[in-house]
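Each number in our numbering corresponds to the 1-based position in the sequence shown with 122 added. Have a look at the structure below, then the notes.
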Amino acid sequence: MSALSCAAERVFSRRADTARVSARPRSRTRLVAPQSRAARRGRCVVLSWAAAVVVVVVSGCGGGQATPSAKRSSAASASAPLALRLASTRPLPAPVQLPAVTVTGAGALSIAGLDAAESSSSQIVLIDSGGARAVGQLPVALHDGAAASVEGQAYYFGGGGASGASAAIYRVGPAGVSVAGRLPAGASDVGAAAVGGRVYVIGGYTEVVPLRTIVAFTPGGGARVAGMLPQPLRYPAVAAVGGRVLIAGGTSGQSAQQEILSFDPRSGVVHQIGTLPQPLTHAAGAALDGRLLVFGGRGSERTSQRAEILSIDPATGATSYAGRLPQPLSDMGAASLGGEVLLVGGRDRRGAAHDRALTYRPAP
Numbered sequence: 123m124s125a126l127s128c129a130a131e132r133v134f135s136r137r138a139d140t141a142r143v144s145a146r147p148r149s150r151t152r153l154v155a156p157q158s159r160a161a162r163r164g165r166c167v168v169l170s171w172a173a174a175v176v177v178v179v180v181s182g183c184g185g186g187q188a189t190p191s192a193k194r195s196s197a198a199s200a201s202a203p204l205a206l207r208l209a210s211t212r213p214l215p216a217p218v219q220l221p222a223v224t225v226t227g228a229g230a231l232s233i234a235g236l237d238a239a240e241s242s243s244s245q246i247v248l249i250d251s252g253g254a255r256a257v258g259q260l261p262v263a264l265h266d267g268a269a270a271s272v273e274g275q276a277y278y279f280g281g282g283g284a285s286g287a288s289a290a291i292y293r294v295g296p297a298g299v300s301v302a303g304r305l306p307a308g309a310s311d312v313g314a315a316a317v318g319g320r321v322y323v324i325g326g327y328t329e330v331v332p333l334r335t336i337v338a339f340t341p342g343g344g345a346r347v348a349g350m351l352p353q354p355l356r357y358p359a360v361a362a363v364g365g366r367v368l369i370a371g372g373t374s375g376q377s378a379q380q381e382i383l384s385f386d387p388r389s390g391v392v393h394q395i396g397t398l399p400q401p402l403t404h405a406a407g408a409a410l411d412g413r414l415l416v417f418g419g420r421g422s423e424r425t426s427q428r429a430e431i432l433s434i435d436p437a438t439g440a441t442s443y444a445g446r447l448p449q450p451l452s453d454m455g456a457a458s459l460g461g462e463v464l465l466v467g468g469r470d471r472r473g474a475a476h477d478r479a480l481t482y483r484p485a486p
């Protein structure tokens with residue numbers, strides 16, 4: 123174990139020395155074909171949907187905030203499922219996989235990632251109604267970081283680079299890039315979502331061990347441990363829905379996972395609310411119409427990319443099909459932008475990075 127890992131374990135063992143990872147219930151999932159909004163209006167019976175960062179901790183250290191949920195059935199969805207359609211496709215300046223994507227007042231920013239040669243990138247791309255264009259660079263080339271915005275200000279967290287996992291938190295804006303803080307330790311493979319003026323950074327990897335931690339970052343106020351996942355997790359699909367952070371799939375570093383988790387920032391508690399139809403990692407997550415949408419991803423094999431778009435009810439964990447990607451892709455960046463979802467880049471089954479930004483909207 124590295125000195126960094128040992129130091130982090132000492133820091134957080136005092137906060138997390140009583141919890142054990144409990145067996146999580148595996149609720150049954152029924153997948154329902156999506157319907158258009160017009161079809162839903164014509165139904166006699168209308169069902170109602172119930173609407174819904176990174177520190178080094180060695181695997182098995184335990185945490186006081188992760189609890190298994192009571193058994194909940196995800197077999198019955200509370201409403202007709204959401205149907206999505208591909209609304210537009212735009213070229214990117216260059217192919218990219220694993221970018222971090224977030225929304226700002228000017229549009230969406232795609233930050234860093236891996237280029238066509240699978241080398242870390244420092245490029246910052248602005249995507250708006252005028253297209254996609256490079257507007258800046260990070261101080262260093264990184265990949266597998268996460269991005270989220272607070273009050274229109276974008277932040278980039280962690281990532282991996284030539285010198286290892288980064289602990290930097292960067293503020294990214296029209297005036298350039300500046301350091302906004304530091305994570306307690308460097309980590310890549312993270313997810314992030316903003317709730318109530320804070321960004322929650324989920325899981326990750328120190329390049330030695332995968333992480334269980336959920337860390338809250340407050341602009342101007344630093345970072346602190348806010349909760350613990352039931353188990354270490356990398357590459358989850360993450361989005362904020364209804365004041366909670368939903369976390370779907372991911373990998374332990376050895377195998378893809380199926381759990382759908384809900385983190386309550388007010389209590390710091392994580393519950394399992396459902397189970398994906400099959401193990402899934404490297405998927406993109408975004409919120410739309412009060413649901414978590416999960417785009418593409420893959421299984422444990424690097425060439426097992428998928429094209430399905432899944433819709434998850436945050437209240438019940440029920441999962442339904444919402445549509446399909448033009449082709450199987452993993453490692454996309456995603457962000458919700460005014461009633462639609464923007465997907466950036468990705469990796470196909472041949473291992474090639476993609477150079478397109480896709481926009482999905484609810485079907486009419």
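Idealized CB from N, CA, C, for every residue including glycine. In this text, all values refer to a predicted model and were calculated from it rather than measured experimentally.
query	result
Spatial neighbours of L432 in its chain, beta-carbon cut-off 6 Å, leaving aside the 5 residues before and after	V416 and T441
Anticipated Cβ contact below 8 Å, A269 with A309, distance rounded	Contact doesn't hold; Cβ gap of about 14 Å is too wide.
Rounded separation between G396 and L383 - CA only	7 Å
Check whether A287 and G295 have beta carbons under 9 Å apart	no
Backbone secondary structure at E462 - three-state DSSP	coil
Three-state class that DSSP yields for R471 in the structure shown	coil
Contact under 9 Å by Cβ, A485 with G467	no
Integer Cβ distance of L488 from A378, believed to fall under 8 Å	Outside the shown range of the chain (123 to 486) lies residue 488, about which nothing can therefore be said.
Extent of the continuous beta strand (DSSP E) run through S384	Q379 to D386
Beta-bridge partners of S210, as assigned by DSSP	T481
CB of G342 within 9 Å of CB of P358, strictly	no
Helix, strand or coil at A362 [DSSP, three-state]	strand
Whole beta strand (DSSP E) elements within the region 314-345, 3-residue minimum	320-324 and 335-340
Rounded straight-line distance, which links the Cα of V337 to that of A256	30 Å
Local conformation of E217 per DSSP, three classes	Inspection of the sequence shows that residue 217 is occupied by Pro rather than by Glu. Strand at P217.
Secondary structure of S389, DSSP reduced to three states	coil
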